[in-house]
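In the numbering used here, the protein residues as written are 35 to 146. Worksheet for the structure shown next.
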């Protein structure tokens, strides 16, 4: 009696595992492929008539740099814990304040 109940339990477990579709991939047809690394970047320039392509590329590079997406990608390339992020933000703020101070001095020098 015990052997039959044990066999019955094993068969029930195998049947329940075989009907679970958690481990079987579901077919996706006509599915839109999207990457988790894609960014929602909307940077663009309009090229005027007769404008050289070099100047349009230069303007585009400037717009991309101003948007800050490349810097963000560079920081997201590797995992950065909260302490490292905080240190980086402090260093960036220090550099920004230094640059602003230099620009203020320069403007005072030229205006005087």
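Ideal Cβ positions, reconstructed from N, Cα and C, are used throughout, including at glycine.
According to DSSP, is residue 77 part of a helix, a strand, or is it coil?
Reduced to three states, the DSSP call for residue 77 is coil.
Cutoff 8 Å; reference residue 54; Cβ partners in own chain excluding five residues on either side:
Low confidence applies to residue 54: its pLDDT is 48, below 50, so where it sits in the model is not reliable enough to give any reading.
Is it the case that the stretch 112–121 contacts the stretch 94–101, given that we only count it when at least three CB pairs across the two stretches are under 8 Å?
no
First through last residue of the alpha helix (DSSP H) which encompasses residue 161:
With the chain covering only 35 through 146, there is no way to say anything about residue 161.
Element boundaries [alpha helix (DSSP H), containing residue 2]:
Any answer about residue 2 is impossible in this case: the structure gives the chain only from 35 up to 146.
Expressed to the nearest angstrom, what Euclidean distance is found between the alpha-carbon atoms of residue 97 and residue 113?
In a straight line, the C-alpha of residue 97 is about 27 Å away from that of residue 113.
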